[in-house]
Each structure stands twice: as C-alpha cells, then as structure tokens.
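Just so we're aligned: 252 in my numbering is position 164 of the sequence shown, and the numbers increase by one with no gaps anywhere. Below is one structure; the comments refer to it alone.
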Amino acid sequence: MAFRKRSDQHPSTDEIMTEVNSNDTKRKRSRNMIASWILPNKQRIVIGVLISFVLFQIHQLLSSVRLAEIYEVSVQINNIYVDITGIEDLERRSKLIENRCYPGMEELCQCEDPTIGVGRRGQRHWLKTSTENRDSVISIKDGVDVVFYGDSITEGWKGTSYGFANGRKDNNYAVFKSQFTLDGGGKFEGIPMGISGDRSPDLLWRLINGGELPQSLSPAVYWLLIGTNDMGWAWCSPEVTLIGILRVVEELRAKKPGAFIVINGLLPRSFDSKGYLNRKNKIGIKHSTKNPPALWKDIQAINAQLEEYSNTHDNVIYFYAGDLFMIDSLASDESLQLDKNLMNDYLHPSALGYKLWGDRIVEKLEELIKQP
C-alpha cells in the first residue's frame with residue numbers, strides 16, 4: 089500500500105483510514121467488474137461446451153445411422169442344423185419357424201415351406217426347360233461323372249436362360265465343354281441341370297416330380313448350388329434358405345446313397361453398384377426391390393452351417409470358391425468387393441469367372457473320382 093507522505097510529519101490516523109477505505113472501494117469495484125465479465129464468459133463457455141457435446145452426439149448418431157444403412161448387420165441363424173437325421177427331422181424343424189421372411193422385406197416376401205417341392209409349373213418357359221433337362225438325362229447313353237443341379241448360375245454353363253441362347257453368355261458353354269466333356273478335352277463328363285430363377289423348392293420339385301433325377305442316372309458326384317434366389321429374390325430368411333438347401337441335399341442322399349454330394353457354398357453377390365459386399369444398393373444396379381439389403385453376412389452364416397453339416401454326414405462334401413470372384417478376399421469388411429471382370433453383374437460369373445471356378449471344381453473332382 090502506498091501512502092502520500094508529508095514532507096515534515098507522518099500521516100494521521102484519519103488520513104490512513106481514509107486511504108484504506110478508498111483503496112478497498114477501488115478493489116471492490118475492480119472485483120465487481122472482473123466478476124461481471126468472468127461470470128457471463130463462464131456461462132458462455134459452459135453453453136459452448138454443451139452445444140459442442142450435443143453437436144458431437146448428433147454427428148455420431150447420424151454417422152451410426154449412415155453406417156447402418158451402408159454396412160448391413162448380419163441376420164444370424166437361430167438354430168443349428170448340423171445334426172439333421174433325415175427328411176422328417178428337417179420337416180419337423182421347419183414347422184417350428186413362425187416367420188419365414190427376411191426381416192424388413194415382409195411386403196415382398198414370397199417364401200414358401202422350404203421342405204415341400206412346389207415348382208413354377210405355371211411359367212411356360214420354366215416347365216419347358218425342366219422337360220428339356222429331363223429328356224437330356226434320360227437320353228444319356230454313356231456314363232456321366234458329375235451332374236450339376238442349380239439355378240441360373242448352373243444354367244449359365246450352357247450359355248442359356250430358360251433354355252434360350254443368351255448373348256451375354258455366349259462363351260460360357262465353350263468353357264464348360266473344355267472342362268466337363270471328354271470330347272472337348274476335359275477329364276470328366278458332366279451335365280448342367282440348372283434353371284434360371286430357381287429356388288430350393290423349385291429344384292426339389294424337379295427332382296421329385298420333374299423326372300430330373302431318374303433311377304438310371306448314376307454319376308459319381310452330384311454337384312449342388314442353390315439358394316441365392318431363396319434369399320435374394322423370394323426374400324426368405326437365412327434360416328429358411330438354409331433349410332431349403334439341406335432339404336434338396338437330403339433328397340439326393342435318400343435317392344442316391346452311393347454317390348458323393350458336393351454342396352457348393354453360396355457364391356458372393358451384391359446389389360451395390362460397385363460390387364461392395366457389405367453395402368446396400370443406393371443407385372446403379374437396376375433391381376425390382378428399392379434399396380435391397382446386403383446379404384454377404386447372411387451368406388457366410390449359411391455357408392458356415394453347410395460346411396459343418398457336410399463334416400458330419402457321410403459322402404457329403406462342402407466346397408467353396410467364392411473368394412475367386414473378389415478383388416481382394418482379405419480386404420476389410422467395408423472394402424470387400426467383387427471383381428466385375430469375373431462377375432459382371434455381381435451375381436453370375438463371366439466366362440473367365442466360370443473358367444477359374446471350373447478349374448477349382450476339376451481339382452475337387454480329381455480327389456473324389458478314382459480314374460483308371
């Protein structure tokens with residue numbers, strides 16, 4: 089504290105108190121001024137922090153919603169089907185499922201009981217193709233090593249759709265002939281028995297009622313790839329899709345107990361315009377369903393159970409070559425992408441895709457079929 093001094097004497101008590109009071113008043117005024125500035129600024133800081141926190145949470149929420157839209161969460165299968173003991177067991181378990189539809193796709197769901205063969209007899213081209221398949225197996229004079237059953241992916245080996253030539257598949261049959269006919273230079277004799285758009289119940293009808301599994305047909309191997317249309321077109325749940333595939337397998341096991349049955353794991357597919365496996369379609373690929381879900385996680389869940397089932401049933405072999413169609417099968421989930429050169433519509437293999445896939449199939453057949 090600084091006092092004003094007289095030149096010849098000390099300050100009086102009154103003067104000292106006056107000076108003290110004056111300084112106290114100045115300090116109080118200063119504190120009030122500082123407080124009046126700090127308090128509003130504290131409020132502004134607190135409000136600013138709260139606003140920033142709220143904005144951050146909104147951003148996180150919007151980001152989560154966006155990721156949920158782009159990267160589809162897998163719809164898991166609730167039950168285990170590794171220990172299926174036969175057709176009756178599968179039918180019993182199927183009856184326990186209350187909702188057969190893929191979650192969120194109920195309005196478009198056309199899912200029927202997967203254990204009953206229904207077929208598409210009202211569709212003229214479908215019945216025509218099934219009849220042609222029946223006639224082709226009945227007319228076989230020499231032995232056949234492998235019969236391929238399936239949908240459009242299997243029919244694609246012949247370069248046709250519903251038995252009619254398809255210009256986009258012109259080169260496919262040449263690939264099949266070179267790999268699965270002896271005349272074409274292949275090691276094995278095979279026949280493709282697929283129909284475009286088929287689901288498991290359609291194929292089941294063909295085997296039971298359509299004459300495509302005659303008693304006279306006795307290859308060493310039945311090669312099965314079916315189910316992608318059950319989930320990706322009829323919008324059946326992954327569990328119902330799995331049951332449908334296993335029902336066809338059980339039919340083959342019952343009718344052809346001495347043969348090998350190879351379950352080809354479902355191939356990857358994408359509705360995304362750039363072929364990303366874990367992204368929902370936004371724009372680009374024409375599809376009858378607006379913004380269909382990504383199915384890759386569901387395909388993996390189905391394939392996992394198919395593999396385990398195969399490991400516990402005699403003469404049933406699980407086979408998978410879906411990694412062939414990916415740009416990088418080791419990429420992260422969000423970056424996993426199909427190769428357009430090998431699967432140009434992200435569902436059906438190109439001629440080159442069939443060639444690479446066929447090479448793998450031949451390797452497996454060499455393990456299964458004993459050659460002289």
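Using N, Cα and C, we set each Cβ at its ideal position, and we do this for glycine too.
{"Item": "Residue interval of the alpha helix (DSSP H) (run including residue 292)", "Value": "288-296"}
{"Item": "Contiguous alpha helix (DSSP H) assignments of at least 4 residues, all confined to the region 310-369", "Value": "316-320, 326-343"}
{"Item": "Counted within 10 angstroms of its Cβ, other Cβ atoms place residue 413 as buried (16 or more) or exposed", "Value": "buried"}
{"Item": "Supposed contact pair residue 331 and residue 202 - C-beta distance, whole angstroms, cut 8 Å", "Value": "5 Å"}
{"Item": "Inter-residue spacing [alpha-carbon to alpha-carbon] between residue 335 and residue 302", "Value": "18 Å"}
{"Item": "Residue 242, DSSP secondary structure in three states", "Value": "helix"}
{"Item": "CB of residue 298 within 7 Å of CB of residue 218, strictly", "Value": "yes"}
{"Item": "Classification of residue 252 by the beta-carbon crowding that lies within 10 angstroms, buried from 16 upward", "Value": "exposed"}
{"Item": "Three-way DSSP call (helix, strand, coil) for residue 236 in this model", "Value": "strand"}
{"Item": "Spatial distance of residue 355 from residue 425 (CA atoms)", "Value": "13 Å"}
{"Item": "C-alpha gap between residue 198 and residue 322, whole angstroms", "Value": "5 Å"}
{"Item": "Cα-Cα separation between residue 152 and residue 170, rounded to whole angstroms", "Value": "Below a pLDDT of 50, predicted positions are generally treated as unreliable, and residue 152, at 40, falls in that range; the measurement from the model is reported next regardless. Taking the straight line joining both Cα atoms gives about 35 Å."}
{"Item": "Beta-bridge partners of residue 280, as assigned by DSSP", "Value": "236"}
{"Item": "Burial state of residue 166, where buried means 16 or more other Cβ atoms lie within 10 Å", "Value": "exposed"}
{"Item": "Supposed close pair residue 236, residue 289 - CB separation, criterion 8 Å", "Value": "With 8 Å as the limit, residue 236 and residue 289 do not qualify as a contact, their Cβ atoms being about 19 Å apart."}
{"Item": "Sheet register partners of residue 414 (DSSP bridge)", "Value": "426"}
{"Item": "Length of the line joining the Cα atoms of residue 442 and residue 138", "Value": "59 Å"}
{"Item": "Any chain D beta carbon closer than 7 Å to residue 339", "Value": "Of the protein chains in this structure there is only one, and it is not chain D."}
{"Item": "Paired residues, beta bridge with residue 249 - DSSP", "Value": "252"}
{"Item": "Residues that DSSP places opposite residue 405 in a beta bridge", "Value": "350"}
{"Item": "Inter-stretch contact at 8 Å, needing at least 3 Cβ pairs: the region 227-245 / the region 304-318", "Value": "yes"}
{"Item": "For residue 363, the nearest candidate out of 352, 177, 423, 456 (CA to CA)", "Value": "423"}
{"Item": "Residue 445 to residue 193 span [Cα, whole Å]", "Value": "32 Å"}
{"Item": "The region 253-264 in contact with the region 171-180 per 3-pair CB rule at 8 Å", "Value": "no"}
{"Item": "Residues near residue 340 in its chain [Cβ-Cβ closer than 6 Å; skip 5 each side]", "Value": "310, 349"}
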